[in-house]
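S.K.: Below are the C-alpha coordinates for one structure; questions will follow.
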Amino acid sequence: MNKTNEFEIKTLWRVLVAFWLVIAIVTALGAAVGGAYSLLHDKTTYTAYASFWVNAKSTGGISQSSTMGAAQLATNYVELADSTALLTRAVKDGNLTSKWNTTEDNAVKLLRSMISAGKTEIDSLVFTVYIRSGSAQMTYDAISAVQQSMITVIEDVNGDSEVVRIAEVY
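Pasting the structure below:
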(Lines of atoms letter the chains of each structure in order from A and count residues from 1; the text may use other names and numbers.)
(Lines give C-alpha, C1' and ligand atoms only; values in the text may rest on other atoms or scores of the structure.)
Protein backbone atom coordinates (compact mmCIF):
# COMPACT_ATOMS: atom_id res chain seq x y z
CA MET A 1 0.00 0.00 0.00
CA ASN A 2 2.88 2.41 0.69
CA LYS A 3 4.36 1.77 -2.74
CA THR A 4 1.13 2.93 -4.40
CA ASN A 5 1.20 6.20 -2.45
CA GLU A 6 4.87 6.76 -3.28
CA PHE A 7 4.24 6.05 -6.91
CA GLU A 8 1.40 8.60 -7.06
CA ILE A 9 3.54 11.28 -5.40
CA LYS A 10 6.45 10.55 -7.74
CA THR A 11 4.12 10.76 -10.74
CA LEU A 12 2.71 14.05 -9.53
CA TRP A 13 6.22 15.41 -9.02
CA ARG A 14 7.23 14.42 -12.56
CA VAL A 15 4.17 16.17 -14.02
CA LEU A 16 4.94 19.33 -12.03
CA VAL A 17 8.58 19.30 -13.15
CA ALA A 18 7.60 18.67 -16.77
CA PHE A 19 5.05 21.52 -16.87
CA TRP A 20 6.72 24.05 -14.56
CA LEU A 21 7.00 26.63 -17.35
CA VAL A 22 3.29 26.39 -18.20
CA ILE A 23 2.38 26.70 -14.53
CA ALA A 24 4.62 29.75 -14.13
CA ILE A 25 3.19 31.44 -17.24
CA VAL A 26 -0.43 30.83 -16.15
CA THR A 27 0.35 32.17 -12.66
CA ALA A 28 2.06 35.29 -14.05
CA LEU A 29 -0.78 35.90 -16.50
CA GLY A 30 -3.35 35.60 -13.69
CA ALA A 31 -1.40 38.07 -11.55
CA ALA A 32 -1.14 40.52 -14.46
CA VAL A 33 -4.87 40.34 -15.21
CA GLY A 34 -5.73 40.81 -11.51
CA GLY A 35 -3.36 43.77 -11.22
CA ALA A 36 -4.77 45.43 -14.35
CA TYR A 37 -8.34 44.96 -13.13
CA SER A 38 -7.41 46.43 -9.76
CA LEU A 39 -5.82 49.51 -11.33
CA LEU A 40 -8.80 50.16 -13.60
CA HIS A 41 -11.73 49.37 -11.30
CA ASP A 42 -10.65 49.53 -7.68
CA LYS A 43 -10.66 53.19 -6.68
CA THR A 44 -9.99 54.25 -3.10
CA THR A 45 -12.78 56.42 -1.71
CA TYR A 46 -12.36 58.57 1.37
CA THR A 47 -15.43 59.30 3.46
CA ALA A 48 -15.85 61.97 6.09
CA TYR A 49 -18.92 62.77 8.06
CA ALA A 50 -20.16 65.38 10.47
CA SER A 51 -23.10 64.58 12.74
CA PHE A 52 -25.20 67.37 14.22
CA TRP A 53 -27.65 67.27 17.09
CA VAL A 54 -30.56 69.70 16.97
CA ASN A 55 -31.26 70.86 20.50
CA ALA A 56 -34.92 70.40 21.51
CA LYS A 57 -34.79 73.33 23.94
CA SER A 58 -34.07 75.68 21.05
CA THR A 59 -37.58 75.02 19.72
CA GLY A 60 -39.39 76.06 22.88
CA GLY A 61 -38.30 73.93 25.83
CA ILE A 62 -38.10 70.18 26.22
CA SER A 63 -41.47 68.56 25.62
CA GLN A 64 -42.91 66.10 23.14
CA SER A 65 -43.99 68.86 20.78
CA SER A 66 -40.62 70.60 20.94
CA THR A 67 -38.84 67.29 20.34
CA MET A 68 -41.05 66.69 17.32
CA GLY A 69 -40.31 70.24 16.19
CA ALA A 70 -36.59 69.64 16.59
CA ALA A 71 -36.89 66.40 14.60
CA GLN A 72 -38.62 68.34 11.82
CA LEU A 73 -35.92 71.00 12.02
CA ALA A 74 -33.26 68.27 11.66
CA THR A 75 -35.13 67.01 8.57
CA ASN A 76 -35.08 70.53 7.17
CA TYR A 77 -31.33 70.73 7.76
CA VAL A 78 -30.87 67.46 5.86
CA GLU A 79 -32.61 69.07 2.89
CA LEU A 80 -30.55 72.24 3.32
CA ALA A 81 -27.24 70.32 3.39
CA ASP A 82 -26.99 69.98 -0.39
CA SER A 83 -28.70 73.24 -1.30
CA THR A 84 -26.89 75.69 -3.54
CA ALA A 85 -26.99 78.35 -0.84
CA LEU A 86 -25.22 76.21 1.76
CA LEU A 87 -22.72 74.79 -0.73
CA THR A 88 -21.85 78.28 -2.01
CA ARG A 89 -21.41 79.45 1.57
CA ALA A 90 -19.18 76.45 2.35
CA VAL A 91 -17.04 77.12 -0.73
CA LYS A 92 -16.58 80.75 0.33
CA ASP A 93 -16.10 80.06 4.06
CA GLY A 94 -13.68 77.21 3.45
CA ASN A 95 -11.80 79.05 0.70
CA LEU A 96 -12.22 75.94 -1.46
CA THR A 97 -11.70 77.78 -4.75
CA SER A 98 -8.06 78.44 -3.95
CA LYS A 99 -7.50 75.11 -2.19
CA TRP A 100 -8.89 73.19 -5.16
CA ASN A 101 -7.55 75.66 -7.75
CA THR A 102 -10.89 76.13 -9.51
CA THR A 103 -13.71 78.64 -9.94
CA GLU A 104 -16.50 79.08 -7.43
CA ASP A 105 -19.08 77.50 -9.75
CA ASN A 106 -16.90 74.45 -10.35
CA ALA A 107 -16.16 74.12 -6.64
CA VAL A 108 -19.90 74.18 -5.86
CA LYS A 109 -20.55 71.53 -8.55
CA LEU A 110 -17.73 69.38 -7.24
CA LEU A 111 -18.93 69.74 -3.66
CA ARG A 112 -22.49 68.86 -4.73
CA SER A 113 -21.19 65.64 -6.32
CA MET A 114 -19.42 64.71 -3.06
CA ILE A 115 -22.13 65.46 -0.47
CA SER A 116 -25.07 63.52 0.93
CA ALA A 117 -27.03 63.91 4.15
CA GLY A 118 -29.54 61.90 6.13
CA LYS A 119 -31.05 60.83 9.43
CA THR A 120 -30.98 57.31 10.82
CA GLU A 121 -34.56 57.54 12.09
CA ILE A 122 -37.39 59.80 11.04
CA ASP A 123 -37.91 61.24 14.54
CA SER A 124 -34.20 61.57 15.29
CA LEU A 125 -32.74 64.88 16.43
CA VAL A 126 -29.39 63.90 14.88
CA PHE A 127 -28.56 64.30 11.23
CA THR A 128 -25.35 63.50 9.42
CA VAL A 129 -23.61 65.05 6.42
CA TYR A 130 -21.32 62.75 4.42
CA ILE A 131 -18.56 63.71 2.00
CA ARG A 132 -17.08 61.08 -0.35
CA SER A 133 -14.13 61.70 -2.62
CA GLY A 134 -11.13 59.99 -4.15
CA SER A 135 -8.79 62.50 -2.48
CA ALA A 136 -8.19 62.53 1.27
CA GLN A 137 -7.28 66.23 1.26
CA MET A 138 -10.36 67.24 -0.75
CA THR A 139 -12.56 65.18 1.57
CA TYR A 140 -11.07 66.87 4.62
CA ASP A 141 -11.35 70.36 3.10
CA ALA A 142 -14.96 69.76 2.07
CA ILE A 143 -16.17 68.33 5.39
CA SER A 144 -14.45 71.12 7.33
CA ALA A 145 -16.08 73.80 5.17
CA VAL A 146 -19.54 72.19 5.18
CA GLN A 147 -19.34 71.58 8.93
CA GLN A 148 -18.50 75.21 9.69
CA SER A 149 -21.20 76.52 7.35
CA MET A 150 -23.81 74.17 8.78
CA ILE A 151 -22.91 75.21 12.33
CA THR A 152 -23.32 78.86 11.37
CA VAL A 153 -26.73 78.16 9.79
CA ILE A 154 -27.91 76.15 12.81
CA GLU A 155 -26.78 78.89 15.18
CA ASP A 156 -28.54 81.53 13.03
CA VAL A 157 -31.78 79.56 13.00
CA ASN A 158 -31.73 78.31 16.59
CA GLY A 159 -30.02 81.26 18.21
CA ASP A 160 -28.13 78.59 20.07
CA SER A 161 -24.38 78.71 20.41
CA GLU A 162 -24.18 75.14 21.69
CA VAL A 163 -24.20 72.98 18.59
CA VAL A 164 -23.05 69.46 19.27
CA ARG A 165 -21.08 68.05 16.39
CA ILE A 166 -18.89 65.07 15.73
CA ALA A 167 -16.66 64.76 12.68
CA GLU A 168 -14.49 61.92 11.55
CA VAL A 169 -12.45 61.15 8.46
CA TYR A 170 -11.77 57.51 7.66
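Its first residue numbered 266, the sequence shown is counted upward by one per residue in the numbering used here. Built from N, CA and C at the ideal position, the CB exists for glycine as well. Here the structure is a predicted model, which is why all the values come from computation and not from measurement.
Alpha carbon to alpha carbon, how far is Leu-277 from Thr-292?
M.R.: Cα to Cα, the separation comes out at about 19 Å.
S.K.: Within its chain, find whatever has a CB closer than 7 Å to the CB of Leu-283; leave out the 5 residues flanking it on each side and keep chain order.
M.R.: Checking the displayed sequence, the identity of residue 283 turns out to be Ala instead of Leu. Closer than 7 Å at Cβ, skipping near neighbours: no residue.
S.K.: Write down every uninterrupted run of the alpha helix (DSSP H) in the stretch 274-330 whose length is 4 residues or greater and which is fully enclosed by it, in chain order.
M.R.: Taking only runs of at least 4 residues, the alpha helix (DSSP H) segments lying wholly in the stretch 274-330 are 285-306.
S.K.: Would you mind sorting Met-415 into buried or exposed? The rule is 16 or more other CB atoms within 10 Å of its CB.
M.R.: By the neighbour-count rule (16 or more Cβ atoms within 10 Å), Met-415 is buried.
S.K.: So, using beta-carbon positions, are Phe-392 and Tyr-342 closer together than 8 Å?
M.R.: Yes; because the gap between Cβ atoms is below 8 Å, this pair is in contact.
S.K.: With 16 as the cutoff for other CB atoms within 10 Å, does Ser-409 come out buried or exposed?
M.R.: Answer is buried; the Cβ neighbour count reaches 16.
S.K.: Spell out the partners DSSP gives Thr-382 in its beta bridges.
M.R.: Before going on, a small fix: residue 382 reads as Ala here, not Thr. BP columns for Ala-382 point to Val-394.
S.K.: Need the endpoints of the alpha helix (DSSP H) that Ser-363 sits in, please.
M.R.: Residues 361-364.
S.K.: Spatial neighbours of Ile-274 within its chain, please: C-beta separation below 7 Å, excluding the five flanking residues on both sides.
M.R.: So the list is empty, once near-sequence residues are dropped.
S.K.: Below 8 Å, can you find three or more Cβ-Cβ pairs linking the stretch 339-353 to the stretch 291-309?
M.R.: Touching, no.
S.K.: So is Ile-290 buried or exposed if we call it buried at 16+ other beta carbons inside 10 Å?
M.R.: By the 10 Å Cβ count, Ile-290 comes out exposed.
S.K.: Measuring only the C-alpha atoms, how far is Lys-384 from Ile-396?
M.R.: The alpha-carbon atoms of Lys-384 and Ile-396 are separated by roughly 15 Å.
S.K.: Report the option in Thr-404, Val-418, Asp-421 whose CA atom is closest to the CA atom of Ile-446.
M.R.: An answer regarding residue 446 cannot be provided, because it is not within the stretch 266 to 435 covered by the chain.
S.K.: Can you grab the Cα-Cα spacing for the pair Thr-349 / Val-373, in whole Å?
M.R.: The alpha-carbon atoms of Thr-349 and Val-373 are separated by roughly 8 Å.
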